[in-house]
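Asks:
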Amino acid sequence: MKFGIVRFPGSNCDADVVRAVTEGLGEEATYLWHKSHDLGDVDVVVLPGGFSYGDYLRAGAIARFSPIMREVVAFARAGGLTLGICNGFQVLCEARLLPGALVRNRSLRFRCVEVGVRVENAATPFSRAYREGERLSIPIAHGEGQFVADSGTLDRLEAERRVVFRYVDGSGEPTDAANPNGSARNIAGIINEAGNVLGLMPHPERVSLGYLGNTDGLGVFASLARSVGGGDRPHRRGAETVGVGS
Amino acid sequence: MTDTFSVEVRITPRTGILDPEGETIARALDNLGYEGVGSVRAGRLVRLEIDAASADDARRSVRRMCEELIANPVIEDFEVRIEGDAPTGGGGT
């Protein structure tokens, strides 16, 4: 299968995603240039982290109107698996593919730190390689990661089990102290109603290879590979490390 | 026939959305000894020059721009002012 990783001007986690899926899973990956009008034959689209278009106006606001996004929106609306990480999550919200928005961290500080993340729903194409309730350790690196939405939207997300990842403390509890940015209900990642578009603020690609010291994030990409593969086929390498929480 | 209008868009966090920047300013003012400061909301100002047939056309056009790009109605309210005209609000609701 093939992952397509979008490159906006200012993307800076694109190469990390490529290495996570090629080295970590032995899958194919290709870059998708922001000016392109063609997604080619990719099975999964990833909007990586970074500061697309300098985060001018609002994070993700300008990227949303780049030529490639027209294709990404059509792909996502047709059921294509689409993952947004950090800035990619912001772009997905701006593009209205996901509800809510990401605003400045409650602390007003850029936070770059490893945080506890609990898998709230392991029945999605993005999380099926994990166990439900598993606690992962994944870094965040953002200044605008506070997830906000009106209470009706939040209630609906919870009721439909669309909160897929939540910030938790060392014992797996979603406490206020474990919330690194003030996100409503400690939300770290959500999925759309159709279940094919997921956005999260933590960076799984940064903890996907053994030599990075932690492979907690590889499960996100392994889940996608497994979902596209249509079964539990074994991965060529790296897959055995998936699902080992810290 | 078109005229050029100067338009100001004021964008503020929607009521009910946390405004950590505004809160921080309020706290700092309090620390500095300024009394009687109630709530502080911090926003953004965008000035545009736009050619349009009338002030109403300019306003309509800028409101569309706000809804599509300049503001995010999920988290922000906006207000469009045409220079020399009364302001009109908008929340994108």
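For the record, the sequence lines run as chains U and Y. Quick note on numbering: numbering that gives the first Met the number 0 labels position 29 of the first sequence as 28, and the sequence is numbered without any gaps. Quick note on numbering: numbering that gives the first Met the number 0 labels position 76 of the second sequence as 75, and the sequence is numbered without any gaps. A virtual CB, placed ideally from N, CA and C, is assigned to each residue, including glycine.
Tell me the rounded alpha-carbon separation between glycine 3 of chain U and glycine 42 of chain Y.
Replies: 36 Å
Asks: Determine which residues of the region 13-44 of chain Y have a Cβ less than 8 Å from any Cβ of chain U, and write them out in chain order.
Replies: Gly15, Ile16, Leu17, Pro19, Glu20 and Thr23
Asks: For proline 19 of chain Y, which of U/Tyr52, U/Gly151, U/Val227 and U/Val147 has the nearest alpha-carbon?
Replies: U/Val147
Asks: Does the Cβ of leucine 31 of chain Y have 16 or more other Cβ atoms within 10 Å, making it buried, or fewer, making it exposed?
Replies: exposed
Asks: Is the distance from the Cβ of glycine 144 of chain U to the Cβ of asparagine 180 of chain U below 8 Å?
Replies: yes
Asks: With a threshold of 16 other CB atoms inside 10 Å of the CB of methionine 0 of chain U, please say whether the residue is buried or exposed.
Replies: buried
Asks: Have a look at the DSSP bridge pairing and note the partners of glutamate 75 of chain Y.
Replies: Y/Pro12
Asks: Does any C-beta atom of chain Y lie closer than 8 Å to the C-beta of leucine 223 of chain U?
Replies: no
Asks: Residues of chain Y with CB under 7 Å from arginine 57 of chain U, in chain order?
Replies: The contacting residues are Asn71.
Asks: What does isoleucine 74 of chain Y touch in chain U if you count any residue whose Cβ is under 8 Å from its own?
Replies: Ala100, Val102 and Val147
Asks: From the beta carbon of threonine 92 of chain Y, is the nearest beta carbon of chain U less than 8 Å away?
Replies: Any answer about threonine 92 of chain Y is weak, because its pLDDT of 37 lies below 50 and its placement is not dependable; what the coordinates show is given next. Chain U contact via Cβ: absent.
Asks: Step through the CB atoms of chain Y and report whether any lies within less than 8 Å of the CB of glycine 181 of chain U.
Replies: yes
Asks: For leucine 82 of chain U, which residues in the same chain have their Cβ closer than 6 Å to its Cβ, ignoring the five residues on either side in sequence?
Replies: Val45 and Leu197
Asks: What do you get for proline 138 of chain U, buried or exposed, if any count of 16 or more other CB atoms within 10 angstroms of its CB means buried?
Replies: buried
Asks: Throw me the rounded Cβ distance for the alanine 54 of chain Y and serine 60 of chain Y pair, which I believe falls under 8 Å.
Replies: Contact doesn't hold; Cβ gap of about 11 Å is too wide.
Asks: List, in chain order, every chain Y residue whose beta-carbon is nearer than 8 Å to that of alanine 121 of chain U.
Replies: Residues of chain Y passing the Cβ test: none, with the nearest at roughly 28 Å.
Asks: My understanding is that glycine 49 of chain U touches leucine 208 of chain U, with C-beta atoms under 8 Å, so please give their C-beta distance in whole angstroms.
Replies: Incorrect: roughly 19 Å between the Cβ atoms, too far for contact.
Asks: In terms of residue numbering, what span does the beta strand (DSSP E) encompassing proline 138 of chain U cover?
Replies: 134-141
Asks: Please tell me whether asparagine 195 of chain U and glycine 59 of chain U are closer than 8 Å, where the distance is taken between their beta carbons.
Replies: no
Asks: Given a threshold of 16 other Cβ atoms within 10 Å of its Cβ, counted over all protein chains shown, does tyrosine 166 of chain U qualify as buried or as exposed?
Replies: buried
Asks: Helix, strand or coil: how does DSSP classify glutamate 48 of chain Y here?
Replies: strand
Asks: Apart from the five residues on each side of it in sequence, which residues of its chain come closer than 6 Å, Cβ to Cβ, to proline 98 of chain U?
Replies: Ala148 and Thr152
Asks: Is it buried or exposed, histidine 36 of chain U, if we count other Cβ atoms within 10 angstroms and call 16 or more buried?
Replies: exposed
Asks: Measure from the C-beta of leucine 47 of chain Y to each C-beta in chain U and report whether the shortest distance is under 8 Å.
Replies: no
Asks: Let's see if you can read the secondary structure: which residues bound the beta strand (DSSP E) around glycine 218 of chain U?
Replies: Counting along the chain, glycine 218 of chain U sits inside no beta strand (DSSP E); it lies in the alpha helix (DSSP H) bounded by residues 217-228.
Asks: Less than 8 Å between the C-beta atoms of phenylalanine 125 of chain U and valine 163 of chain U, yes or no?
Replies: yes
Asks: Taking only beta-carbon positions, decide if valine 6 of chain Y is within less than 8 Å of chain U.
Replies: no
Asks: Can proline 66 of chain U and serine 10 of chain U be called in contact, C-beta distance under 8 Å?
Replies: no
Asks: Taking just the CA atoms, how far does isoleucine 10 of chain Y sit from histidine 234 of chain U?
Replies: Since pLDDT at histidine 234 of chain U reaches only 41, below the 50 mark, its modelled position is unreliable, and no value is offered.
Asks: In chain order, what residues of the region 128-162 of chain U put their CB closer than 8 Å to some CB of chain Y?
Replies: Gln145, Val147, Ala148 and Asp149
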